[in-house]
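Numbering (mature numbering (1 follows the signal peptide of the UniProt record, and there is no 0)), first residue to last: -20 to -1, 1 to 377. Everything below concerns the one structure shown next.
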């Protein structure tokens, strides 16, 4: 009984381990904030190391009324995460201080090197010149100044405003002669809003996307990705358990097998022990019965000869093909045993019951092992009064 119980526990542990699925719960910087899940992960959280991919680490803002996630890019610094699409594998970011032009102008561009991200397919890089121009020009309504830069360059001078102009326009811009050059930078802008001259949508979020790890299809069908735990950073898709239904279907199946099979074995063993204790004479009767059976001399089974011997084979008619190679069935010109075409002067042997013919040496080897026709598998009557020639051949043996 002790061994049976240990076997039961071992089987239960095995099935529970094989059916358990690893899942990563979503986190966020605040209760109403952006849901953060694989490949992103929060720094200083209690998540498993398998719930995040290298390069997707996020942190939360500390000095704001509402904590928000921050993405740190190695070459461009910290950016505020505004939105994440795990299915499309895209993330929208912006400057935490609300002045993206100032950030890009200071860094002379936007650099994604050293990060797992690239610029979205809906964005492209455009070179801009930042100019400090007279306000009478920018107040015309045709130009939108970058207002968040005025506090830095024109704090004490309201007669000038900063604008961002395409670095290499396709037409002359003589009015820029009255402007002061500040800096040049390569700026990501959305493709539908590619500027003809001025950078107007500088308030728009920058859209990035990632290719690795590829979990969009997993998320689309309701799964969750996580690291498998090996040193190669391989990723697997897991089906999260449904909170409404409790355990997942695979876990329920594993539990039913893990509990049902050992339980049935225990019940069978207990029933056998109970029956033996209730009827001790049954074991004595069983041993006597086995002794009687073993003392019996069983007759030998009859030996079945499957093939035909030499004299029986000689009773099958043979035919030698003539020079013309004419056959009784013109379409039946291939031996079904060796799959070779019949040639003149070759010897054929026929099975009269089904009128199938083959190369004599081929069918002889077959009939020595199996008495049935190789083609239709019918068993010929060996008592058939065979002749030594066939009527369809011009020359017979």
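Ideal Cβ placement from N, Cα and C applies to all residues, glycine included.
*Is DSSP giving residue 358 helix, strand or coil here?*
As a working note, residue 358 is residue 378 in the chain shown. Coil, per DSSP.
*asked:* Quick check on the burial criterion: 16 or more other C-beta atoms within 10 angstroms. Buried or exposed for residue 32?
replied: Position 52 of the chain shown holds residue 32. Counting Cβ neighbours within 10 Å, residue 32 comes out buried, since at least 16 surround it.
_I'd like to check one pair, residue 139 with residue 158: are the Cβ atoms closer than 7 Å?_
As a position in the chain shown, residue 158 is number 178, starting the count at 1. As a position in the chain shown, residue 139 is number 159, starting the count at 1. No, they are not a contact pair.
*Assuming residue 243 contacts residue 219 under a Cβ cut-off of 8 Å, what Cβ separation, rounded to an integer in Å, is found between them?*
For the purposes of this step, residue 243 is identified with residue 263 of the chain shown, where counting begins at 1. For the purposes of this step, residue 219 is identified with residue 239 of the chain shown, where counting begins at 1. The Cβ separation is near 27 Å, so there is no contact.
*Output the distance between the C-alpha atoms of residue 65 and residue 103, rounded to the nearest integer angstrom.*
Counting from one through the chain shown, the residue named residue 65 turns up at place 85. Counting from one through the chain shown, the residue named residue 103 turns up at place 123. Going from the Cα of residue 65 to the Cα of residue 103 covers about 16 Å.
*Considering only C-alpha positions, which residue in the set 287, 71, 95 and 11 is nearest to residue 347?*
Walking along the chain shown from the start, residue 347 turns up at place 367. Taking only the C-alpha atoms, the option nearest residue 347 is 287.
_Segment contact, 8 Å Cβ cut-off, at least three pairs: the region 183 to 192 with the region 3 to 16_ = no
*Hey, how far is the Cα of residue 322 from the Cα of residue 336?*
In the chain shown, the residue the question calls residue 322 occupies position 342. In the chain shown, the residue the question calls residue 336 occupies position 356. Rounded to whole angstroms, residue 322 to residue 336 spans 14 Å at the Cα level.
*Taking 6 Å as the cut-off, is the CB of residue 192 close to at least one heavy atom of the ligand GTP?*
In the structure on display, the ligand GTP does not appear, and there are no ligands present to speak of.
_CB contact below 7 Å: residue 212 versus chain D_ = Looking at the structure shown, chain D is missing, and only one protein chain is on hand.
*Is the region 87 to 97 in contact with the region 195 to 210, if contact means three or more CB pairs nearer than 8 Å?*
no
*Using a threshold of 7 Å, state whether the C-beta atoms of residue 51 and residue 73 are closer than that.*
Locating residue 51 in the chain shown gives position 71, where the first residue counts as 1. Locating residue 73 in the chain shown gives position 93, where the first residue counts as 1. Yes, they are a contact pair.
*Helix, strand or coil for residue 136 per DSSP?*
The residue given as residue 136 occupies position 156 in the chain shown. Three-state result, residue 136: coil.
*Can you give me the start and stop residues for the beta strand (DSSP E) that residue 327 sits inside?*
Here residue 327 refers to the residue found at position 347 of the chain shown. Segment 327 to 331, the beta strand (DSSP E) holding residue 327.
*State yes or no: is the C-beta of residue 7 within less than 7 Å of the C-beta of residue 24?*
Stepping through the chain shown from its first residue, residue 7 is reached at position 27. Stepping through the chain shown from its first residue, residue 24 is reached at position 44. No. Outside cutoff.
*Do you know whose CA, among 34, 170, 181 and 353, lies nearest residue 317's CA?*
What you label residue 317 is simply residue 337 of the chain shown in a count that begins at 1. Answer by Cα proximity: 353.
*Could you pull out every unbroken alpha helix (DSSP H) segment of at least 4 residues lying fully inside the region 97 to 185, listed in chain order?*
115 to 118 and 130 to 133
*Let me know the secondary structure DSSP gives residue 337 once reduced to three states.*
Working through the chain shown from its first residue, we reach residue 337 at position 357. Three-state DSSP puts residue 337 in a strand.
_Between the alpha carbons of residue 237 and residue 27, how many angstroms are there, rounded?_
What you label residue 237 is simply residue 257 of the chain shown in a count that begins at 1. What you label residue 27 is simply residue 47 of the chain shown in a count that begins at 1. C-alpha separation (whole angstroms): 31 Å.
*Candidates 309, 307 and 101, of which the one nearest residue 169 by Cα*: Working through the chain shown from its first residue, we reach residue 169 at position 189. It is 101.
*Determine the DSSP secondary structure at residue 47, reduced to helix, strand or coil.*
Numbered from its first residue, the chain shown carries residue 47 at position 67. DSSP places residue 47 in coil when its eight states are reduced to three.
*Under 8 Å by Cβ, that's how I've got residue 106 and residue 167 pegged, so tell me the actual separation to the nearest angstrom.*
By 1-based counting over the chain shown, the position of residue 106 is 126. By 1-based counting over the chain shown, the position of residue 167 is 187. So it is a contact: roughly 6 Å between Cβ atoms.
*Applying the criterion that 16 or more other CB atoms from any shown protein chain within 10 Å of the CB defines a buried residue, is residue 208 buried or exposed?*
By 1-based counting over the chain shown, the position of residue 208 is 228. Around the CB of residue 208, fewer than 16 other CB atoms lie within 10 Å, so the residue is classed as exposed.
*Quick one: what's got a C-beta closer than 7 Å to residue 118's C-beta in the same chain, skipping five residues either side?*
The residue you call residue 118 lines up with position 138 of the chain shown. Leaving aside the five residues that flank residue 118 on each side, the residues in its chain whose CB is nearer than 7 Å to its CB run, in chain order, 125, 141 and 143.
*Assuming residue 63 and residue 49 make a contact with CB atoms under 8 Å, what is their CB distance in whole Å?*
Numbered from 1 along the chain shown, position 83 holds the residue referred to as residue 63. Numbered from 1 along the chain shown, position 69 holds the residue referred to as residue 49. Between residue 49 and residue 63 the Cβ distance is about 10 Å, and since that is not below 8 Å, they are no contact.
*Can you give the beta carbon distance from residue 327 to residue 340, rounded, assuming they're within the 8 Å contact cut?*
Numbered from its first residue, the chain shown carries residue 327 at position 347. Numbered from its first residue, the chain shown carries residue 340 at position 360. Indeed, because the Cβ distance is near 4 Å, the residues count as touching under 8 Å.
*Could you tell me the distance, in whole angstroms, from the CA atom of residue 40 to the CA atom of residue 54?*
On the chain shown, residue 40 is found 60 positions in, with the first residue counted as 1. On the chain shown, residue 54 is found 74 positions in, with the first residue counted as 1. Their Cα atoms are separated by approximately 17 Å.
*Evaluate residue 212 with the Cβ neighbour count: other Cβ atoms within 10 Å of its Cβ, from every protein chain shown; 16 or more gives buried, anything less gives exposed.*
Start at 1 with the first residue of the chain shown, and residue 212 comes out as number 232. So residue 212 ends up on the exposed side.
_I need the straight-line Cα distance from residue 358 to residue 334, nearest angstrom please._
Position 378 of the chain shown, counting from 1, holds the residue named residue 358. Position 354 of the chain shown, counting from 1, holds the residue named residue 334. Residue 358 and residue 334: Cα-Cα distance of roughly 8 Å.
*Could you check the C-alpha separation between residue 129 and residue 68 for me, to the nearest Å?*
The residue you call residue 129 lines up with position 149 of the chain shown. The residue you call residue 68 lines up with position 88 of the chain shown. In a straight line, the C-alpha of residue 129 is about 34 Å away from that of residue 68.
_Restricting to runs no shorter than 3 residues, where is the beta strand (DSSP E) found entirely within the region 67 to 102?_
70 to 74 and 97 to 99
*asked:* Considering only the alpha carbon of each residue, which of 344, 253 and 311 lies closest to residue 297?
replied: Within the chain shown, numbered from 1, the residue matching residue 297 stands at position 317. Considering only alpha carbons, the answer is 344.
_Out of 210, 198 and 146, which one is the CA nearest neighbour of residue 180?_
Here residue 180 refers to the residue found at position 200 of the chain shown. Ranking the options by Cα distance to residue 180, first place goes to 146.
*How many angstroms separate the CA atom of residue 241 from the CA atom of residue 9?*
Residue numbering aside, residue 241 sits at position 261 when the chain shown is read from its first letter. Residue numbering aside, residue 9 sits at position 29 when the chain shown is read from its first letter. Going by the C-alpha atoms only, they are around 46 Å apart.
*Over what stretch of residues does the alpha helix (DSSP H) that includes residue 292 continue unbroken?*
Within the chain shown, the letter at position 312 stands for residue 292. Judged by DSSP secondary structure, residue 292 falls within the alpha helix (DSSP H) whose first and last residues are 290 to 294.
*Across which residues does DSSP place residue 321 in a beta bridge pair?*
Numbered from its first residue, the chain shown carries residue 321 at position 341. 314, per the DSSP bridge assignment.
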